[in-house]
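Q:
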Amino acid sequence: MLIRTKALELQELLGSFPAVALIGPRQVGKTTLANELLVSRDGVYLDLESPSDLAKLTDPELYLNQHRDKLVILDEVHRLPQIFQLLRGIIDKNRREGITSGSFLLLGSASIDLLRQSGESLAGRIAYMHLDPFNLIELEGEDQNKLWLRGGFPDSFLAKSNKQSNQWRTNFIKTYLERDIPQFGPRIPAETLRRFWTMLAYEQAGMINASKLARNLGVDSKTIANYLDLLVDLLLVRRLQPWHQNIGKRLVKSPKVYVRDTGIAHTLLNIDSAEALFSHPTVGASWEAHIVENILSVLPDGIEPSFYRSSGGAEIDLVLSFGKEVWAIEVKRSLAPKAEKGFYYGCDDIKATRRYIVYPGEETYPMTNGIFATSLKSLMQEIAKV
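In our numbering, the protein residues as written are 58 to 443.
This is how it looks when you write it as structure tokens:
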């Protein structure tokens, strides 16, 4: 059993807020983490996809009031949206009786719906925490290339072989397309959405051309936007927004798109081994996605990541703004990385206070113009100190 770095943060939030929402894609480990809490707490776990557990909530007010002195965990809570108003009443009643924290842990797989539903009813009563797949810090001593190839979903990463890992991811994709996604919106043909998801994997770390994708799928651009919104909401795809401060230059305004888990992207692209990955045309983009997602998994709350690209050719893969500090991060898949002119220009444009090139090596060493070459792990540890 690998210890998740979010476990302590979750405990702290439950000690401070009446309700905590733990958000992450399916199979990322939310239920495992929640059930670990039940070992140390007198709690109740309800899976709202289970008919027997749903039956317990036939009269939810009666049931939940019977367990007001316990931590109640509601898994896949978006399946019962009407419960949020009821939770508000119970939380307020508990507060009047001196119970101010640790009443409810809500688990959900769709960020926008859960944030909207809970935010409308539980404003000021709920904290939010995202659980991502495994990152490099959590996998102390493990091979980084294994994490890159298989991705960070626990069952995929911990599989006995690459073949079994790929089989798990194949089934994960199939289940999402045929069972899970139809729960969150209008009916979309599974094969159409799979083709779209695969197209995004081919466009990994790039800015997509919605019109081109629409033509290839035989739909209109608005439908493409809806498909993308759905995959972003389900935390399967990331839109990385461009840096947008006014510096008097023409900047790219379209977001970059990542299939967040590289293992899932590799399965969509029929990449089933390290050899196949290293010879694939998307290897550089896949490496960038791996680096970016690991970095963002340790980013403090309230920090909005972005990228920088100007019409003049200045370019930075990832920009992190920590108050007055601006970090510029470039990704290279070479043991002898070199900074391009576009990175120099971009750093000057945004007045970067720290400049990093992340490469596959282990050492951190200075380069020219205040740039440091660093490993992914070292940079993640630096961010965790902020």
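For each residue, glycine too, the CB sits at the ideal point set by N, CA and C.
1. With DSSP as the reference, please indicate the residues paired to MET186 in a beta bridge.
2. Short check: CB of THR431 to CB of ALA396, under 9 Å?
3. What do you reckon, are the CB atoms on LEU94 and ASP132 nearer than 9 Å?
4. Just to confirm, are ILE373 and ILE407 a CB contact at a threshold of 9 Å?
5. Mind reading off the beta-carbon distance from ALA76 to SER160? Whole number of angstroms is fine, and I expect it under 8 Å.
6. Rounded to the nearest angstrom, how far is the Cβ of LEU50 from that of LEU90, given a contact under 8 Å?
7. Per the DSSP calculation, LEU372 is bridged to which residue(s)?
8. With a cut-off of 8 Å on the beta carbons, I'd call LEU137 and LEU114 a contact; round off their distance for me.
9. Does the Cβ of GLU69 have 16 or more other Cβ atoms within 10 Å, making it buried, or fewer, making it exposed?
10. With a threshold of 8 Å on Cβ separation, who are the neighbours of TRP225 within its own chain once the five nearest residues in sequence on each side are excluded?
11. Let's test the definition: count the other Cβ atoms within 10 Å of the Cβ of ASP277 and tell me whether it reaches 16, buried, or not, exposed.
12. Between which two residues does the alpha helix (DSSP H) harbouring PHE335 extend?
13. What ranges does the alpha helix (DSSP H) occupy inside the segment 84 to 161, keeping only unbroken runs of at least 4 residues that lie completely in it?
14. Please state whether DSSP places GLY165 in a helix, a strand or coil.
15. Helix, strand or coil for ARG251 per DSSP?
16. Helix, strand or coil for GLU382 per DSSP?
17. Give every residue of the same chain whose Cβ lies closer than 6 Å to the Cβ of VAL388, excluding the five residues on either side of it in the sequence, and list them in chain order.
18. Provide the residue span of the beta strand (DSSP E) that contains VAL314, from first to last.
19. Could you say which of ARG366, ARG411, LEU59, ASN219 lies nearest to TRP384 if we only look at CA atoms?
20. Out of curiosity, what's the CA-to-CA distance linking LEU287 and THR227?
21. Considering only C-alpha positions, which residue in the set GLN302, HIS301, SER336, VAL314 is nearest to ALA282?
22. Within this structure, are the beta carbons of PHE191 and LEU206 separated by less than 9 Å?
23. Which full runs of the alpha helix (DSSP H) of 4+ residues lie inside the segment 235 to 300, going along the chain?
24. Can you list, in chain order, the residues of its chain whose CB lies under 8 Å from that of ILE140, leaving out five sequence neighbours each side?
25. Assuming contact is defined by CB atoms lying nearer than 9 Å, are ILE238 and LEU250 in contact in what I supplied?
26. Would LEU285 pass as a contact of PRO82 if the rule is Cβ separation under 9 Å?
A: Short version:
1. For this step, residue 186 is matched to residue 129 along the sequence shown. Paired residue(s): LEU79.
2. Position 374 of the sequence shown, counted from the first residue, corresponds to residue 431. Position 339 of the sequence shown, counted from the first residue, corresponds to residue 396. Against a cut-off of 9 Å, the Cβ pair of ALA396 and THR431 comes out as no contact.
3. For the purposes of this step, residue 94 is identified with residue 37 of the sequence shown, where counting begins at 1. For the purposes of this step, residue 132 is identified with residue 75 of the sequence shown, where counting begins at 1. Cβ distance not < 9 Å, so LEU94 and ASP132 don't count as in contact.
4. Residue 373 sits at position 316 when you count from the first residue of the sequence shown. Residue 407 sits at position 350 when you count from the first residue of the sequence shown. Closer than 9 Å, so yes.
5. Counting from one through the sequence shown, the residue named residue 76 turns up at place 19. Counting from one through the sequence shown, the residue named residue 160 turns up at place 103. Indeed they touch by this definition, with Cβ atoms about 6 Å apart.
6. This structure leaves residue 50 out entirely; the chain is present only between 58 and 443.
7. Along the sequence shown, read from residue 1 onward, the residue named residue 372 stands at position 315. The sequence shown places Glu at residue 372, rather than the Leu named in the question. GLU372 is bridged to ARG366.
8. In the sequence shown, residue 137 corresponds to position 80, counting from 1. In the sequence shown, residue 114 corresponds to position 57, counting from 1. LEU137 to LEU114, Cβ: 7 Å. Contact.
9. As a working mapping, residue 69 is identified with position 12 in the sequence shown. When all chains shown are included, GLU69 counts as exposed.
10. Working through the sequence shown from its first residue, we reach residue 225 at position 168. Closer than 8 Å at Cβ, skipping near neighbours: PHE210, ASP212, SER213, ALA216.
11. The residue you call residue 277 lines up with position 220 of the sequence shown. Exposed, because fewer than 16 other Cβ atoms sit within 10 Å of the Cβ of ASP277.
12. The residue labelled residue 335 in the question sits at position 278 within the sequence shown. Here the alpha helix (DSSP H) through PHE335 covers 331 to 335.
13. 87 to 97, 108 to 113, 117 to 123, 140 to 153
14. Looking up residue 165 in the sequence shown gives position 108. GLY165: strand per DSSP, three-state reduction.
15. Numbered from 1 along the sequence shown, position 194 holds the residue referred to as residue 251. Here ARG251 sits in helix by DSSP.
16. Counting from one through the sequence shown, the residue named residue 382 turns up at place 325. DSSP places GLU382 in strand when its eight states are reduced to three.
17. Position 331 of the sequence shown, counted from the start, is the residue given in the question as residue 388. These residues qualify, in order along the chain: GLU345, ILE348, ASP374, VAL415.
18. One-based indexing of the sequence shown puts residue 314 at position 257. Taken as a continuous stretch (DSSP letters only), the beta strand (DSSP E) holding VAL314 covers 313 to 316.
19. Counting from one through the sequence shown, the residue named residue 384 turns up at place 327. The residue with the shortest Cα to Cα distance from TRP384 is ARG411.
20. The count along the sequence shown starts at 1 and reaches residue 287 at position 230. The count along the sequence shown starts at 1 and reaches residue 227 at position 170. Distance between the alpha carbons of LEU287 and THR227 is about 20 Å.
21. Position 225 of the sequence shown, counting from 1, holds the residue named residue 282. It is VAL314 whose Cα lies nearest to the Cα of ALA282.
22. Position 134 of the sequence shown, counting from 1, holds the residue named residue 191. Position 149 of the sequence shown, counting from 1, holds the residue named residue 206. Against a cut-off of 9 Å, the Cβ pair of LEU206 and PHE191 comes out as no contact.
23. 247 to 259, 267 to 274, 278 to 290
24. Taking the first residue of the sequence shown as 1, we reach residue 140 at position 83. Here the set comprises LEU114, PRO117, LEU131, VAL134.
25. Here residue 238 refers to the residue found at position 181 of the sequence shown. Here residue 250 refers to the residue found at position 193 of the sequence shown. Yes. Within cutoff.
26. Reading the sequence shown from its first residue, position 228 is the one you call residue 285. Reading the sequence shown from its first residue, position 25 is the one you call residue 82. Contact: no.
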